[in-house]
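Below is one structure; the comments refer to it alone.
Structure, rendered in structure tokens:
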């Protein structure tokens, strides 16, 4: 929310700017000759600028700031987002669990008096529980008005008229302010002017003025900064949770983008393998037809070749449509809008290939990875802050158990003035007055201690049995212990995730090596079969079968490499190293501006 030094702006609505739904210029710079040449680094940078999941999560940061602003004035916090937005299809993010505990409906943490249901089976209905917190925004109270009142009377002895008429004008002003120590002060200044038609009033108009300074200090329940600043402290912690949750969102989105990218590379390379396989089958069919015309092979060989071409053409169609789907998923993940017809029609060409990646066995010790995860995973940071919030609530709930004892004092004064009533008529009683005749005199008497009014005392309220406060206090203890167990469970879960990711990386490393050996053997078998056919010792069908086996081996190797790359992505996610390994500064993601140089489009 923009700041303003205009005091009137506090009473006018602030408009949030409309979201920008145009894609960043970086995207068009990567399009060349009707194709979007995309490296993994480019994909990640475009996602940080354009991905709608991140854009949606980015709003949670100023939303958390508004909670701080609200609680500075003594208001109850509304709650912040503690989850991950997952509206982008494709890719997927690994792991066993969700984000930090305590997320309420809609991905926000519930405030005091909420439904009490949180994520992961936790409840937090006592979050923020305690004594009532007053408003810390000072208030000016004013009342100005005029009244005419006519009252019928049964006899003339009381006021001397059958209809008593009173004309009253008042101008009252006040100021109130509460403080986080449990202190509240107020000042009231009341003034009135009254005329009457009664001859029994000796002043008309009668002018009155009074003031009062009031002070109240809580001495037991509600005393001190702890219970009175708990909303603000929780809101500041929630701001920290919101920052951590945004980092978690960026990590999840980057992980998803990496998985989508490698799925795209997989589909792209599988399509190329199927194209080459179909081209070889078509060439073999053409050769078979020529040999059949020369009556050197039977018609059955031609029919087998035609069937093989038909099958491989079907495989290519499936591969191409799968590639088109992956291209669409990638473009959707990297853009705010797909309404641009140019963007909709371009094909995506990944410039990072599976063949260029190096396959190496895991080099880091799993215990080192676990320690890194326990140090860097955002879920644990969120859990720590959540425990801090619950500790604040525990202390406030204990304070709320105490009786309510307050020191109360006020000091004031009053003054009276007015001219003599011109219609005064009480037989035997002369009309005289010792008060001033004008308002300044009444005001002076009010403040010169002529008629003081003061009081000092204590107010005590002891609820018998105190069951509501006692239940809230013990419930806050139970919820805190529950959250402690959840944190320990989260640590165990992270350990399992890291080990599982490491196991998967070891398995996929072995899978790539096995697939590479199988591909090499299939390549040698195909070459031998080709030579045999050239020498007349083999048939076209045998050669096509060997080439089909080679194509399947190539596809298996592509799949194995894809799974290997995604296993590395999962290790980064499980250890909390996704942003570091991709050179991402979280502030750039917040600002939606990436300063890293963009990779040049492929020729």
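In the working numbering, the protein residues as written are 13 to 615. Using N, Cα and C, we set each Cβ at its ideal position, and we do this for glycine too.
Buried/exposed call for residue i, threshold 16 Cβ in 10 Å
i: residue 39; result: buried
i: residue 457; result: buried
i: residue 222; result: buried
i: residue 343; result: buried
i: residue 217; result: buried
i: residue 345; result: buried
i: residue 515; result: exposed
i: residue 156; result: exposed
i: residue 32; result: exposed
i: residue 595; result: exposed
i: residue 15; result: exposed
i: residue 578; result: buried
i: residue 479; result: exposed
i: residue 450; result: exposed
i: residue 580; result: buried
Cβ neighbours of residue i in the same chain (closer than 7 Å, five flanking residues each side left out)
i: residue 590; result: 263, 266, 267, 584
i: residue 7; result: This structure does not reach residue 7, given that the chain is present from 13 up to 615, and the question cannot be answered.
i: residue 146; result: 86, 190, 196
i: residue 231; result: 417, 418, 419
i: residue 461; result: 425
i: residue 104; result: 268, 271
i: residue 401; result: 139, 246, 249
i: residue 278; result: 570, 571, 574
Delimiting residues of the alpha helix (DSSP H) encompassing residue i
i: residue 387; result: 378-388
i: residue 291; result: 242-305
i: residue 312; result: 311-345
i: residue 362; result: First-last for residue 362: 359-362, but that is the beta strand (DSSP E), not the alpha helix (DSSP H).
i: residue 151; result: No alpha helix (DSSP H) holds residue 151; the beta strand (DSSP E) holding it covers 151-164.
i: residue 22; result: Residue 22 -> no alpha helix (DSSP H), and no H or E assigned at all.
i: residue 600; result: 598-603
i: residue 143; result: Here residue 143 belongs to no alpha helix (DSSP H), and DSSP marks it neither H nor E.
i: residue 366; result: Taken as a continuous stretch (DSSP letters only), residue 366 belongs to no alpha helix (DSSP H), as it is neither H nor E.
i: residue 350; result: Residue 350 -> no alpha helix (DSSP H), and no H or E assigned at all.
i: residue 591; result: 590-593
Contacts around residue i, its chain only, beta-carbon distance under 6 Å, and the 5 residues preceding and following it disregarded
i: residue 575; result: 520
i: residue 202; result: 184, 222
i: residue 406; result: 488, 492
i: residue 52; result: 273, 364
i: residue 572; result: 523, 524, 527
i: residue 321; result: 293, 294, 297
i: residue 324; result: 289, 290, 293
i: residue 13; result: 26
i: residue 442; result: none
i: residue 179; result: 160, 207
i: residue 598; result: 259
i: residue 153; result: 186
Terminal residues of the beta strand (DSSP E) in which residue i lies
i: residue 587; result: Looking at the DSSP string, residue 587 is not in any beta strand (DSSP E); the run it does join, the alpha helix (DSSP H), is 552-587.
i: residue 67; result: Residue 67 -> not in any beta strand (DSSP E); alpha helix (DSSP H) instead, spanning 64-70.
Contact with chain D by residue i, beta-carbon distance below 8 Å
i: residue 55; result: Here chain D cannot be found, since the structure has a single protein chain.
Same chain only: Cβ atoms within 8 Å of residue i, ignoring 5 sequence neighbours per side
i: residue 257; result: 69, 72, 92, 93, 94, 95, 96, 111, 112, 390, 394
i: residue 551; result: 309, 313, 545
i: residue 503; result: 386, 392
i: residue 261; result: 65, 66, 69, 96, 97
i: residue 318; result: 297
Q | Completely contained beta strand (DSSP E) runs for the stretch 24-60, where each covers 3 or more residues | A | 47-50
Q: Check whether the stretch 135-148 touches the stretch 480-487, taking contact to mean three or more Cβ pairs, one atom from each stretch, closer than 8 Å.
A: yes
Q: Pick out the complete beta strand (DSSP E) segments inside the stretch 487-514, 3 residues or longer, and give them in chain order.
A: none
Q: Counting only runs of 3+ residues fully inside the stretch 185-237, write out the beta strand (DSSP E) ranges in chain order.
A: 195-208, 218-230
Q) Which full runs of the beta strand (DSSP E) of 3+ residues lie inside the stretch 404-469, going along the chain? A) 416-429
(Q) Would you call the stretch 390-406 in contact with the stretch 499-516, where contact means no fewer than 3 C-beta pairs closer than 8 Å? (A) yes
Q | Three-pair Cβ contact test at 8 Å for the stretch 92-106 versus the stretch 61-72 | A | yes
Q | Segment contact, 8 Å Cβ cut-off, at least three pairs: the stretch 408-421 with the stretch 463-479 | A | yes
Q: Report yes or no: do the stretch 207-217 and the stretch 159-176 share at least 3 C-beta pairs separated by less than 8 Å?
A: yes
Q. Do the stretch 76-83 and the stretch 293-309 meet, that is, are 3 or more Cβ pairs less than 8 Å apart?
A. no
Q: Check whether the stretch 193-200 touches the stretch 427-445, counting contact only when three or more Cβ pairs, one atom from each stretch, lie closer than 8 Å.
A: no
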